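**Student:** Before I ask anything, let me first share the structure, which is written out below as structure tokens.
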Amino acid sequence: MSATSYDVLIIGSGQAGTPLAYALADAGRRVGVIEGGHLGGSCVNYGCAPTKMMLASAQRAHLVRTANELGIRAPEPEVDFAAVVGRKDRLTQQARAGIEHKLTQVHSNITLVRGWARFTAPNTLHVDLADGVGTTTLTAPLIFINTGTRAAIPLLPGLEVAGYLTNDTLLLGLQELPEHLIILGGSYIGVEFGQMFRRLGSRVTVIETSASIMDHEDADVSEPLQKLLEQEGVEFVLEAETRQVSRNAEGILTLTADTPGGERRIRGSHLLIATGRMPNTQDMGLKAAGISTDEKGYVVVDEHLRTPAKGVYALGDVKGGPQFTHISYDDYRIVRDFVLHGRSRSYHNRPLPYVVFTEPQLGRIGLSKEQAREKKVPFRVSRVPASSIGRATETGLTDGFVEVLVGDDDQLLGAAVLCEQGGEIMTMFQLAIAGKLPYQQLVDMVIAHPTWAEVLNNAFQRLERG
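Residue 466 is where the sequence shown ends in the UniProt record's numbering, and the numbering goes up by one at each step.
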């Protein structure tokens with residue numbers, strides 16, 4: 001079988017691969033994009049976007065449910081889960097269609113190949129075409145791996161027989177509102193889905209092996225969020241080691257776990273596995289191309305995202321490290337500038353902003369207190385309650401706090417913002433970090449009143465040595 005040659009092959013149409021295809025094609029390269037699933041990768045299909053679409057519905061229900069607090073009498077909202085899912089599906093399909101239009105109509109020099117690729121030799125791919133229409137062989141001097149990750153499933157007795165959901169399958173196929181959703185894993189996915197389904201009307205229990213949820217955060221950041229979620233009715237079972245899962249003839253699922261208080265048997269209707277991710281590198285023939293992976297299967301890259309194989313790069317979640325859409329997009333920019341413009345930038349030591357889209361949001365940038373201590377970085381810390389922000393009092397959204405870390409040079413080291421508009425406020429602190437502004441400049445800045453941004457004036461008023 002003769003091979004079809006391209007200048008560039010991109011495996012996967014996620015948030016790094018798709019814009020890279022546009023950029024390289026617009027620069028005159030013949031580009032082949034290979035995708036076996038839905039266009040858009042995890043963010044568009046079972047990550048950021050569809051989650052936030054459903055969160056919007058859950059938050060709207062919560063506003064109606066709590067309207068009495070602001071003097072508005074409203075009946076208990078009736079959640080039409082099919083309509084919630086239908087809205088999410090329509091918007092998701094629009095996003096997929098937009099990507100396909102750009103790949104096939106807007107940008108010339110791009111060929112979309114539907115199928116699953118594996119390396120058979122350096123710079124050579126065998127593709128099993130979708131819908132069983134055959135196979136093809138593709139070659140290119142430049143190949144970019146952007147295959148992402150999938151849910152990591154723990155080895156639990158009875159799990160496969162009992163059945164379970166992942167965020168992938170839940171967002172792509174769940175049509176009924178769970179009566180009682182058990183979530184295995186109390187990190188970012190677990191808390192977002194936990195609050196969302198609680199507000200939509202499900203009973204929710206989150207099972208976590210650690211002593212706190214989101215154990216990558218400082219304890220005095222994660223604990224207040226846990227308390228807020230508990231006030232809404234989300235149950236947490238911490239320091240729990242799940243031993244087995246079963247489902248009876250009536251369809252009731254039982255999860256058995258060992259806890260500090262003894263054995264617990266949690267019964268529910270649905271089980272969501274949210275215990276982490278693993279890379280989509282299986283069956284890709286990476287060894288045939290001289291591409292290395294680490295002990296977890298993530299592709300090994302250098303500071304410019306190059307693999308050991310000449311002309312092969314890995315971008316996005318498949319290379320390991322923080323798994324965020326904005327990080328994948330920055331991978332694209334690093335590779336674009338290196339390949340097209342000869343500009344070199346390492347992916348190490350770049351800013352890592354992120355937001356947990358609970359309500360209130362948790363926005364994080366820079367060092368946490370524990371990270372500063374581990375790195376032996378001197379710092380001062382100030383934490384003010386969200387209730388000290390005028391806008392919070394006026395809107396009744398007073399839960400949470402704003403915490404900032406300042407170095408001995410008076411510049412910001414980091415911030416944790418757990419309050420309404422937490423992600424937006426965090427981004428303002430990120431701008432100050434990027435601009436190397438001393439905190440006094442924020443304190444004295446004239447900021448329009450009454451806005452959430454006014455917290456920049458008073459966030460530093462309680463600075464104490466950390």
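All C-beta atoms in this analysis are idealised placements derived from N, C-alpha and C, irrespective of residue type, glycine included. Predicted, not measured: the structure shown is a model, and the values here were computed from it.
Which class does Phe81 belong to by DSSP, given the choice of helix, strand or coil?
**Tutor:** Phe81: helix per DSSP, three-state reduction.
**Student:** Consult DSSP for Leu188 and reduce its assignment to one of helix, strand or coil.
**Tutor:** According to the sequence provided, residue 188 is Tyr. The question's Leu does not apply to it. Here Tyr188 sits in helix by DSSP.
**Student:** I think Val301 touches Lys319, with their Cβ atoms under 8 Å apart; what is that distance to the nearest whole Å?
**Tutor:** 5 Å
**Student:** Do you know whose CA, among Leu225, His101 and Arg264, lies nearest Gly422's CA?
**Tutor:** Leu225
**Student:** For a test of the three-state rule: what should DSSP assign to Ser5, helix, strand or coil?
**Tutor:** strand
**Student:** Do the stretch 441–456 and the stretch 389–399 touch if we need at least three Cβ pairs shorter than 8 Å?
**Tutor:** Yes: at least three Cβ pairs fall under 8 Å.
**Student:** Ignore the nearest five residues each way along the sequence and tell me which others in Ala152's own chain have a CB closer than 7 Å to its CB.
**Tutor:** Thr275, Gly276, Arg277 and Met278
**Student:** Determine the DSSP secondary structure at Val339, reduced to helix, strand or coil.
**Tutor:** helix
**Student:** Going by beta carbon distance, what residues of the same chain come within less than 7 Å of His348, once the five residues before and after it are set aside?
**Tutor:** Glu303
**Student:** Rounded to whole angstroms, what's the CA-CA distance from Asn458 to Ala121? Just pull it up for me.
**Tutor:** One C-alpha to the other measures close to 60 Å.
**Student:** Checking the sheet assignment: what are the DSSP bridge partners for Trp116?
**Tutor:** Asp128
**Student:** Short of 6 Å in beta carbon distance, which residues of its chain neighbour Val356, apart from the five on each side in sequence? Order them along the chain.
**Tutor:** Counting only Cβ-Cβ distances below 6 Å, and skipping sequence neighbours, we find Tyr188 and Leu362.
**Student:** With DSSP as the reference, label Met53 as helix, strand or coil.
**Tutor:** helix
**Student:** Since I believe Val377 is in contact with Gly407 (beta carbons under 8 Å), could you give me their beta-carbon distance rounded to a whole number of angstroms?
**Tutor:** 7 Å
**Student:** Apply the 10 Å Cβ neighbour rule to Glu359 and answer buried if 16 or more other Cβ atoms are within range, or exposed otherwise.
**Tutor:** That one is buried.
**Student:** If you measure between the beta carbons of Leu139 and Ser222, is that distance less than 7 Å?
**Tutor:** Before going further, note that residue 139 is Thr rather than Leu in the sequence given. Not closer than 7 Å, so no.
**Student:** Can you check which of these residues, Met53, Thr51, Ser57 and Ala16, is closest to Leu39 by C-alpha distance?
**Tutor:** Measuring from the Cα of Leu39, the nearest candidate turns out to be Ala16.
**Student:** Counting only the same chain and skipping the five closest in sequence on each side, list residues whose C-beta sits under 6 Å from that of Tyr22.
**Tutor:** His107
**Student:** Can you list, in chain order, the residues of its chain with a C-beta nearer than 7 Å to that of Gln323? Leave out the 5 residues immediately preceding and following it.
**Tutor:** Around Gln323, the same chain offers Thr149, Arg277 and Asp317 as residues with beta carbons nearer than 7 Å, after the five sequence neighbours per side are excluded.
**Student:** Under the rule that 16 or more other beta-carbon atoms within 10 Å means buried, what is Thr104, buried or exposed?
**Tutor:** Exposed: under 16 other Cβ atoms inside 10 Å.
**Student:** What separation, rounded to the nearest whole angstrom, lies between the Cα atoms of Val234 and Ser212?
**Tutor:** Roughly 14 Å separates the two Cα atoms.
**Student:** Give every residue of the same chain whose Cβ lies closer than 8 Å to the Cβ of Arg373, excluding the five residues on either side of it in the sequence, and list them in chain order.
**Tutor:** Gly466
**Student:** Per DSSP, Phe236 is paired with what?
**Tutor:** DSSP lists Val206 as the beta-bridge partner residues of Phe236.
**Student:** Where Gly366 and Leu412 are concerned, what is the direct C-alpha to C-alpha distance, given to the nearest angstrom?
**Tutor:** 8 Å
**Student:** The alpha helix (DSSP H) spanning Ile72 covers which residue range?
**Tutor:** From DSSP, Ile72 is part of no alpha helix (DSSP H); its letter is neither H nor E.
**Student:** Label Ser292 either buried or exposed according to how many other C-beta atoms from any shown protein chain fall within 10 Å of its C-beta, with 16 as the threshold for buried.
**Tutor:** exposed
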